[in-house]
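Undergrad:
Number of protein chains: 2
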Amino acid sequence: MKMDDVAKLADVSTATVSRVLTKPSMVSKKTREKVLAAIEELNYQPHVVARQFRTRETKIIMVVVPDITSAFFAGVLRGIEHYAVKNNYQVILADTENNPEREREYISLLYQKQVDGMILLTARSNQQELAHIADNYPVVLACEYMDGLNIPTVSIDNISSARKAVQHLIDLGHSRIAHITGPMDVILSRDRLRGFQQALISNDIENNPLYIQEGDFSIKSGYNQMLKLISLEVPPSAVFVFNDEMAIGAINAIKESGLNVPEDIAVVGFDNIEMASIFTPNLTTIDQPKYDIGTKAMELLLKLIRKETFSKKKYVLDNQLIVRQTCGAEINANNTLVKNKI
Amino acid sequence: MKMDDVAKLADVSTATVSRVLTKPSMVSKKTREKVLAAIEELNYQPHVVARQFRTRETKIIMVVVPDITSAFFAGVLRGIEHYAVKNNYQVILADTENNPEREREYISLLYQKQVDGMILLTARSNQQELAHIADNYPVVLACEYMDGLNIPTVSIDNISSARKAVQHLIDLGHSRIAHITGPMDVILSRDRLRGFQQALISNDIENNPLYIQEGDFSIKSGYNQMLKLISLEVPPSAVFVFNDEMAIGAINAIKESGLNVPEDIAVVGFDNIEMASIFTPNLTTIDQPKYDIGTKAMELLLKLIRKETFSKKKYVLDNQLIVRQTCGAEINANNTLVKNKI
DNA sequence: CTGCTATTTGAAAACGATTACATAAACCGT
DNA sequence: ACGGTTTATGTAATCGTTTTCAAATAGCAG
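Residue numbers (our numbering), protein chains in the order written: chain Y, 1 to 342; chain A, 1001 to 1342.
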């Protein structure tokens, strides 16, 4: 069932049928109705791949996610999706399972023109390659980023937000503060570690290398690394964890060691995933504007696809420290922190 | 940069270039190398959409998921993905956010030949339409299903597994057992409810309609419905919850009401998501073979795409009751249940 | 009714690969 | 060296749209 069949039935040319479908205003009311009736009668469906082939656009954008399981990305995705659908783009997802190789495979779909553009929520593959791709195809980075790359990027300031989280612990009286990082080949891990260290330095607290343990984002690794910290000769009294998942794992490790959160060890996470406010005790954490990151990224991608020019390329959105139970803070009537920990 | 350029440089016809790319064994070693060198030199990338257009296949399959956030589907997806990649298919994801309308939109991608086949993890749209699609395109159902439909399906037996879960609570001495269901327009919800009721009936326990509350899969709804149950004149002593997320919400509601799990109210969930073994107290739940459901579904889809015939169309995989803390069971040395509840 | 412009339409050429068919080259046994 | 096979290559048609360009028609002022 092709356009030609419709054309024959409606007694017009395929050109006219095509126009009815794509720019209806160009064809007279009478023929338009005739054609639409024919389409209806034949139950004709345009062959989308043929159209894509001819027009060289797919109206599909792809989002590359490092881990579909991670609750954090759901909010970002939702933002992307909503903005995309509103603009007649379909969104498809590619899950790399934290594997840079998979990331490259998906990126090559751009080369192959299978999608009109791409939002990367992970940027671990080769910098040069990425730069080259981004020069030739619409690409936006969100959450993660890469230094020295001229690609439009939406993220938060990971250094200052980490610093803020650690400063909060320091304000509560902690000085033996540990940090469970993400994998060090991910730039976000390095950034948050730097923020952690900056906070220590500016408060004249010694940087104890034993207090830094590298996790892999998973609950389990948070659990394991926390056990290591607890078994130190002088265990930390507080720990800042790269993300909420690992923070939850860490809390479990603390509980199972017969210790209490926050009394024995305070915990601060990152991302403010839903579970942070569900888990007992509730997680103190840094909230990222997930949805806004998503919409902003999609907005930029659309401009790129439409070859609109735009001045600002890097967007740094706000973040917020959400004080709950695991840090042990208490806010008194004057709305000031109560230091409750040696 | 097209095939013709490569052909010219290598001094062969486009047919030969095409053959080098798709059936290398058909061309002599000498010309093959010549062509590959030309491809290399020009950095030629085949235009995939053109190829798709000509061959009428995309080598892409789509998985339609009701909710990307739900931890349960991650395992299924992983199974699908691994089997697909092993067979040279790309997987893309479509998240319907539990919206049947979105489900239909994605399904129409099949009509448009944008994907070679589809695995539906949700089947809420019109039955007739689905039947019609499945008659003409490769479609496999997994997890959810639809009655009276001849579509290949992979799932567990939701009725008997629910019955098993509730029977477990009864064996522990409970008779005031409530059930927080999923949305009743989802067949799985109706199945598990039926299993719940069967267990009651076969143990001569009265079916108290007040003990049945409909949730919407979310943690929050589990929380809210549990509060309702607690505030009943005669609250239940145990609750079977449609999924682990809502079970976690329910546990939080119990805790916040000053009651204990499992002493005051026992809880059994469903799915065995990762958080079930992380949350305190650990969740007793029904484990589904997520990964196997995924691989099996993809295996069937591949057979469909390749037009292989296969006898068995419906696969019902095993499930397992995982006894942890929230049901209050204790297994004694003889490996038998200890009844610990009036 | 004529001539001029604006609006609709159609014929045919793309788009870039694959592949059926034909032909040329290579190989082989006698 | 010759026919007969097998193997390797090229020619050209094809997939189903969109779009350019030209032609036809309609609309309208004088």
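Where is the CB? At the ideal position from N, CA and C, for every residue including glycine.
None of the values given here were measured: they were computed from a predicted structure.
What does Ile1248(A) touch in chain Y if you count any residue whose Cβ is under 7 angstroms from its own?
TA: On the second sequence, position 248 is the one that residue 1248(A) refers to. By Cβ distance, chain Y contributes Ile278.
Undergrad: Applying the 10 Å Cβ sphere with the 16-neighbour rule, what's the burial state of Pro24(Y)?
TA: Residue 24(Y) sits at position 24 when you count from the first residue of the first sequence. Exposed is the call here.
Undergrad: Using a Cβ cut-off of 8 angstroms (strictly closer), state whether Val1274(A) contacts chain Y.
TA: Sequence index remark: in the second sequence, residue 1274(A) carries index 274 (1-based). The question names Val, but residue 1274(A) is Glu in the sequence shown. Interface residue, yes.
Undergrad: Just tell me which of Gly1269(A), Val1065(A), Asp1095(A) and Gln1320(A) has its CA closest to the CA of Ala1142(A).
TA: In the second sequence, residue 1142(A) corresponds to position 142, counting from 1. Closest option to Ala1142(A), Cα to Cα, is Val1065(A).
Undergrad: Name the one or two DSSP bridge partners that Tyr315(Y) has.
TA: Indexing the first sequence from 1 puts residue 315(Y) at position 315. According to DSSP, Tyr315(Y) bridges with Val154(Y).
Undergrad: Counting only Cβ pairs nearer than 9 angstroms, list the residues of chain A close to Val49(Y).
TA: For the purposes of this step, residue 49(Y) is taken as the residue at position 49 of the first sequence. Within 9 angstroms Cβ-Cβ: Val1049, Gln1052, Phe1053, Arg1056, Thr1058, Gln1112, Lys1113 and Gln1114.
Undergrad: Using three-state DSSP, classify Glu274(Y) as helix, strand or coil.
TA: Here residue 274(Y) refers to the residue found at position 274 when the first sequence is read from its first residue. If DSSP states are grouped into helix, strand and coil, Glu274(Y) belongs with the helices.
Undergrad: Are any of the Cβ atoms in chain Y nearer than 8 angstroms to that of Thr1069(A)?
TA: As a working note, residue 1069(A) is residue 69 in the second sequence. Among the residues facing chain Y, Thr1069(A) is included, as its CB has a counterpart in that chain under 8 angstroms away.
Undergrad: So what's Gly117(Y) in DSSP terms, helix, strand or just coil?
TA: Residue numbering aside, residue 117(Y) sits at position 117 when the first sequence is read from its first letter. Here Gly117(Y) sits in strand by DSSP.
Undergrad: Excluding sequence positions up to five away, which residues of its chain have a Cβ less than 8 angstroms from the Cβ of Thr1058(A)?
TA: Here residue 1058(A) refers to the residue found at position 58 when the second sequence is read from its first residue. Within the same chain, Thr1058(A) has close Cβ partners Gln1052, Lys1113, Gln1114, Val1115 and Asp1116.
Undergrad: Rounded C-beta distance between Asp271(Y) and Gly79(Y)? I'm assuming under 8 angstroms.
TA: Residue 271(Y) sits at position 271 when you count from the first residue of the first sequence. Residue 79(Y) sits at position 79 when you count from the first residue of the first sequence. The Cβ separation is near 15 angstroms, so there is no contact.
Undergrad: Given a limit of 8 angstroms on CB to CB distance, which residues of the segment 1251 to 1274 of chain A reach chain Y?
TA: Within the segment 1251 to 1274 of chain A, the qualifying residues are Asn1252, Lys1255 and Glu1274.
Undergrad: Using a Cβ-Cβ cut-off of 7 angstroms (strictly less than) and excluding sequence neighbours within five positions of Arg1194(A), which residues of its own chain qualify?
TA: Within the second sequence, residue 1194(A) is the residue found at index 194, counting from 1. Within the same chain, Arg1194(A) has close Cβ partners Ile1159.
Undergrad: What residue from Val241(Y), Ala50(Y) and Phe310(Y) has the CA that sits closest to Gly269(Y)'s CA?
TA: Looking up residue 269(Y) in the first sequence gives position 269. Among Val241(Y), Ala50(Y) and Phe310(Y), the Cα nearest to that of Gly269(Y) is on Val241(Y).
Undergrad: Buried or exposed: which applies to Ser1028(A), given that a residue is buried once 16 or more other Cβ atoms fall within 10 Å of its Cβ?
TA: Within the second sequence, numbered from 1, the residue matching residue 1028(A) stands at position 28. Classification for Ser1028(A): exposed.
Undergrad: Mind checking the segment 111 to 144 of chain Y against chain A and listing, in chain order, the residues whose C-beta falls within less than 9 angstroms of any C-beta there?
TA: Tyr111, Gln112, Lys113 and Gln114
Undergrad: For Phe1073(A), does the count of other Cβ atoms within 10 angstroms reach 16, so buried, or fall short, so exposed?
TA: Within the second sequence, numbered from 1, the residue matching residue 1073(A) stands at position 73. Classification for Phe1073(A): buried.
Undergrad: Are the C-beta of Gln1288(A) and some C-beta of chain Y separated by less than 8 angstroms?
TA: As a position in the second sequence, residue 1288(A) is number 288, starting the count at 1. Output row for Gln1288(A): interface = no.
Undergrad: Run through DSSP, which three-state label would Ile342(Y) get?
TA: If you number the first sequence from 1, residue 342(Y) lands on position 342. Model confidence at Ile342(Y) stands at a pLDDT of 45, short of 50, so the residue's coordinates are unreliable; what they give is reported in the following sentence. DSSP places Ile342(Y) in coil when its eight states are reduced to three.
Undergrad: Please confirm if the segment 202 to 218 of chain Y is in contact with the segment 276 to 294 of chain Y, defined as three or more CB-CB distances below 8 angstroms between the two stretches.
TA: no
Undergrad: What number of angstroms, rounded off, separates the C-alpha of Ala1178(A) from the C-alpha of Thr1122(A)?
TA: Here residue 1178(A) refers to the residue found at position 178 when the second sequence is read from its first residue. Here residue 1122(A) refers to the residue found at position 122 when the second sequence is read from its first residue. Answer to the nearest angstrom: the Cα atoms are 26 angstroms apart.
Undergrad: Just the chain A side, please: which residues come within less than 9 angstroms of Ile151(Y) by C-beta, in chain order?
TA: Along the first sequence, read from residue 1 onward, the residue named residue 151(Y) stands at position 151. Near Ile151(Y) there are no residues of chain A at all, since even the closest Cβ is about 21 angstroms away, more than 9 angstroms.
Undergrad: Excluding sequence positions up to five away, which residues of its chain have a Cβ less than 6 angstroms from the Cβ of Val76(Y)?
TA: Within the first sequence, residue 76(Y) is the residue found at index 76, counting from 1. These residues qualify, in order along the chain: Lys290, Ile293 and Gly294.
Undergrad: Shortest alpha-carbon distance to Ile1230(A) belongs to which of Asp1216(A), Phe1217(A) and Leu1210(A)?
TA: As a first step, residue 1230(A) must be located in the second sequence, where it is residue number 230. Ranking the options by Cα distance to Ile1230(A), first place goes to Leu1210(A).
Undergrad: Chain Y partners of Gln1045(A), CB-CB under 7 angstroms?
TA: Reading the second sequence from its first residue, position 45 is the one you call residue 1045(A). Here the neighbours are Tyr111 and Gln112.
Undergrad: Could you say which of Ile1107(A), Gln1325(A), Asp1171(A) and Met1226(A) lies nearest to Ser1202(A) if we only look at CA atoms?
TA: One-based indexing of the second sequence puts residue 1202(A) at position 202. Out of Ile1107(A), Gln1325(A), Asp1171(A) and Met1226(A), Asp1171(A) has the C-alpha closest to the C-alpha of Ser1202(A).
Undergrad: Check the Cβ-Cβ distances between Ser1221(A) and every residue of chain Y, and say whether any is below 8 angstroms.
TA: Against the second sequence, residue 1221(A) aligns to sequence position 221. Cβ-Cβ to chain Y under 8 angstroms: no for Ser1221(A).
Undergrad: If the cut is a Cβ gap below 8 angstroms, which residues of chain Y does Leu1077(A) touch?
TA: Here the question's residue 1077(A) lines up with position 77 in the second sequence. Residues of chain Y passing the Cβ test: Ile68 and Asp95.
Undergrad: What do you get for Asn1319(A), buried or exposed, if any count of 16 or more other CB atoms within 10 angstroms of its CB means buried?
TA: The residue labelled residue 1319(A) in the question sits at position 319 within the second sequence. Counting Cβ neighbours within 10 Å, Asn1319(A) comes out buried, since at least 16 surround it.
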